[in-house]
Amino acid sequence: DSCILLLSHNYQKNITQIEHSTGPNDLGPQLHKIISDSSTPFNFKINHDLIKNLSFGKIIKYNDGLFELGYNLFPKETYSRIISELGIGDIYLIGLTWENLVYGSAILFLKRGVKLENPEAVETVVKLGAIALQRRKAEEALRKSEEKYRHIFESYEDIYYRLDMDGDIIEISPSVEKTGGYLPSEIIGKPFSDFFSEKALIKSFTKSLLQDKTIQDKDIKLVQKNGKTMEASITARLLTDSKNNPIGSQGVIRDISDRKKVEKKFKASEEKFRTLADYTYDWEYWIAPSDEITYMSPSCERISGYTAGEFAADPKLLLEIIHKEDKEKFAQVHKDKKEEDNTPINVEFRILTKEGKVKWISHLCQKVYNEDNQYLGIRVSNQDVTSKKLTEESLRASENRFRTLFYDSPDAIFLENYDGIIIDANKAACKLHGMPKEKLIGKNILDLVPSNVRDQVARDFSKWLNEEIRHFEGFSLTVDGKSIPVEIHGRKIRFENNNALLFIVRDISQAKRAEKELMLAKEKAEQSDMLKSIFLANMSHEIRTPMNAIVGFSEILSDKNLSTKERKEFINYITQGSNTLMSLIEDIIDITKIEAGQIKINFADCDVDSMMDELYATFLKMKKKEGKRRLELRLNKSPYAENLSISTDPGRIRQILSNLLGNALKFTPSGYIELGLIIENPNEVRFYVKDTGIGIPEDKKKIIFERFGQVEGNKGIDTKGTGLGLSISKKLAELLGGDLTVESEEEKGSTFYLSLPVSREIKEEIELKKPAPVLPMDFSNKKFLIAEDSILNYTYLEALFQKTNVTLLWAKDGKEAIDICKKDKDIDLVLMDIKMPVLNGLEAITAIKKFRKDLPIIVQTAYAMPEDRERSMEAGGNEHLTKPLNAEELFKTINKYMS
Ligand code: ADP
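Quick note: the sequence shown uses our numbering, first residue 46, plus one each step.
Next comes the structure, spelled out in structure tokens:
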């Protein structure tokens, strides 16, 4: 009346399992059911104290104490159900242990009131049952594991074997059939050495196995059943017993014939490639992931001077030989390269060879991976591109030269295709047509020539193509639509593998202009030559007329029978003639001075109002003298003139206006002459002289302002002139900052305008500068020597001095002057001419000053240049007066020395 529950415990997994339940009248199944019904059948937790108390096969009564002991096997409900439903009294526990581990337990439940009568028998039964259980479980596990290994063993490609101490095969995996062709049964019991194809190997194999106890991946050759040799790798281990005595060996044999084949193939191809690389002209190398150079082609020596061995010994050498200016560039391209980017790097740089030469290298490198994406290193190919570089550089330099020649040429250069379309143009071309290059390119050449020659150019184009024309003078259209003369040179050329025409266009407008100017200058020269001839003809007339009067009447004067009236009249003729001559000479001097740029302008305040009055008065007298009764003289002063003072050269203005008034008098038979002033703008005054005379033809208006320019054949005007007056006046006007212009109509009259710049100011007080009256000089007790070779000049001076009562002596040359001075110690003053025969004035002065240092010597000469004055002073002269002598100035100067 009891049941037994057999449990197993798994410590690792903390699992308790019912292995068996048994008892009479369905007690066993009922017990099983109650336990299985529970949601958590077992509470088994290891209590090590309990375990210590449980020894194998010892039955212990636990009853309720089961819980107190901590052997909390069942939940409380399950336990209560077992007790009540099965009517359980005592409970006994037998621990099933193995080496201190409880692997299971047998629990004996007794019905209430039943006593355990033979505990030893129970113990024995349980023990036997437990052992059987244990064995069964172990067997089961072994079976499972064996099965597993057998599966592996049988499906294994490699051959597992075991040998005994004699070296005979005692076990071998079935795979031996597949690889060796043998059935295991055929070879078990046979010596292992029978299968070695190289018998010599057996000894060393056994020896090293005994010595090292293991053999790792040893390549051997085995004999297959069909007699062929099989490449194999063997890994073996020595088997020993517990006392370390060898009892046999086991190992694994791997068929490596495939691998060997591949290896062989690789080796062959490697050799092929290596040979190829070795003989390659370029410098090839391979850097392993470890940075070590695994290969370098021998050509490295040809390029760098270093041998492959030198590079292998020092991998840094590769970087060291890079030219220092290129190091950064080299580093940069490698730095810029992204890790995942596996495109090749190509960079050109210089290296320094072992001999110190610079060489250009084109460097191509790429990372190499195998099929499995395993990084194998960097493969590099260096090519020597030095000569290519040098050619490139010299090409570039020459390209540069030609580019400069083309683009910076002062001539416009065009490249055109055979349709006349511009394909390139230089800077000068762009400038000529006022277009940027982009706009010029693509244009037809016809667009760049003036419309009137377009047809001609189009017709001529084929001639250029046939090189019938190579040079041409034509016209080009400029920026502002002007047509300018150009000189064109054209040629057929090859340009970028195409036929093209090269046109060099030179702007020759400058040259044309110069040509024109030259023509004009020539015409002018011819004209002025002609004018000069007229001038000379006129001049002789102009000189002869007064000279005739002077000479003629002077001769008559010597006749003592002349009456005073007659004498006066003749003298008057002589004076007139002299004045005419003098003004002629003055004009010539003026024009000479102007042309030599030596005329002086003396700026001073000019009182316009009184100057006009004076001029008017003078010309009124002149008109009267000339007896032009039918001519009216008018004065039209602007109201502003009254208080107007301008800073200019008053003498020169007077000279100009006198000349204009003189001409007007000369060329106006009747009507009127008007001197006037116009002030239209504050910066300018305009004097004018208007007449109602003969007028000036349109084509002569320019000529009259030129030297010797005259209107030929002026009707009814008997007075000839020199044609110098207006030319002098115009130049003077310009020197004063103004201008002289004319408006005229033939038969109607002319108006000459003298415009002058002013800084206008209103004068508060007009100070009239009246000429100081010439003092009546009295040199009664004085004796003057006049050194003068010209009798005319002497007579003039004599006349001037007449009223002063001075005693005059006359020396006709320098030597005579010295002699007279030596003889006559009473001489008070010398008037010395310079240009004299025998001895000139300057020499005479120096000589006289030697013995009469105090004697005042006044130089009176026609030499009017500043350096002439200096020369006079150097020679010892006291004063220097220029001819024609001004009486007032002369007397003033003499007075300085007489007082
Ligand atoms: P000249 O009077 O000595 O010939 P000018 O240079 O003063 O030289 O004048 C040049 C020419 O200009 C004169 O010969 C004359 O033909 C012309 N001319 C000048 N003034 C007048 C004028 N008021 N009316 C007409 N012709 C004039």
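Cβ atoms here follow ideal geometry from the backbone N, Cα and C, with glycine treated the same way.
Note that the coordinates shown come from a computational prediction; the quantities given were computed from them, not determined experimentally.
Any heavy atom of the ligand GDP within a distance shorter than 8 Å of the CB on residue i?
i	result
K561	In the structure on display, the ligand GDP does not appear, and the ligands it does have are the ligand ADP.
When you compare only the Cα positions, how much space is there between residue i and residue j?
i	j	result
L114	R188	Because the pLDDT of L114 is 40, which lies under 50, any placement of that residue in the model is unreliable, and the number read from its coordinates should be weighed accordingly. Answer to the nearest angstrom: the Cα atoms are 38 Å apart.
R674	I636	33 Å
S439	E355	34 Å
R448	D525	28 Å
I811	N708	In this prediction, I811 scores a pLDDT of 31, lower than 50, which makes its location untrustworthy; no coordinate-derived value is stated.
T398	R347	10 Å
P74	S81	10 Å
D135	S83	22 Å
G921	Q847	28 Å
K288	I247	26 Å
D46	S53	24 Å
E611	K605	11 Å
K814	Y661	In this prediction, K814 has a pLDDT of 32, which is less than 50 and means its spatial position is unreliable; what the coordinates show is noted afterwards. One C-alpha to the other measures close to 17 Å.
I279	K309	20 Å
F598	Q700	30 Å
A862	W855	8 Å
K172	K160	20 Å
A376	V392	10 Å
E934	L926	8 Å
T891	V904	12 Å
I773	P714	24 Å
K613	L607	10 Å
Is it true that the CB of residue j sits closer than 9 Å to the CB of residue i?
i	j	result
D784	K793	no
L780	I639	yes
K412	R395	no
G768	I741	no
F648	S703	no
F797	K747	no
D913	I939	no
Y414	N387	yes
K860	E833	no
A151	L50	yes
R731	I718	no
S314	D327	no
L720	N681	yes
E751	L576	yes
M657	L710	no
E532	I514	no
I204	R299	yes
L853	F829	yes
L522	R536	no
L255	L283	yes
Once you ignore the five residues that flank residue i on each side, which residues in its own chain have a CB closer than 7 Å to its CB?
i	result
L485	I467, A470, A474, C475, H478
S242	K266, L267, V268, T274
P802	N728, E729, G782, G783
S253	I260
D453	K472
P164	I104
Here's a check: name, in chain order, each residue in its chain whose Cβ is nearer than 6 Å to the Cβ of residue i, leaving out the five neighbours to either side.
i	result
K215	Here residue 215 is Ile; the residue named in the question, Lys, does not match the sequence. Within the same chain, I215 has close Cβ partners R207, D209.
E202	S220
P901	L874, N923, Y942
M627	P929
Which residues in the same chain as residue i place their Cβ atom closer than 8 Å to its Cβ, once the five residues preceding and following it in sequence are excluded?
i	result
S835	D878
N850	D823, F824, S825
D213	G234, K235, P236, F237
Using beta carbons (cut-off 9 Å, strictly below), is residue i in contact with chain D?
i	result
M943	This model lacks chain D altogether; it includes just one protein chain.
Open item on the list: Please give the ranges of any alpha helix (DSSP H) in the region 429–506, keeping only runs that are unbroken, at least 4 residues long and fully inside the region.
Closed with: 431–452, 472–478, 482–485
Task: Minimum length 4: unbroken alpha helix (DSSP H) runs contained in the region 304–370 - done: 344–349, 353–358, 362–365
TODO: Scan the region 243–291 and note each continuous alpha helix (DSSP H) run of 4 residues or more that stays entirely inside, going in chain order.
DONE: 245–257
Task: Every unbroken beta strand (DSSP E) inside the region 675–740 [3 residues or more] - done: If we require 3 residues or more, the beta strand (DSSP E) runs fully inside the region 675–740 come out as 676–681, 690–693, 716–726, 729–736.
Open item on the list: Extract the residue ranges of the alpha helix (DSSP H) inside the region 883–929, only unbroken runs of 4 or more that lie entirely within it.
Closed with: 886–896, 911–920
TODO: Taking only runs that begin and end inside the region 844–873, name each unbroken beta strand (DSSP E) of 3 or more residues, in chain order.
DONE: Within the region 844–873, complete beta strand (DSSP E) segments of at least 3 residues are found at 852–856, given in chain order.
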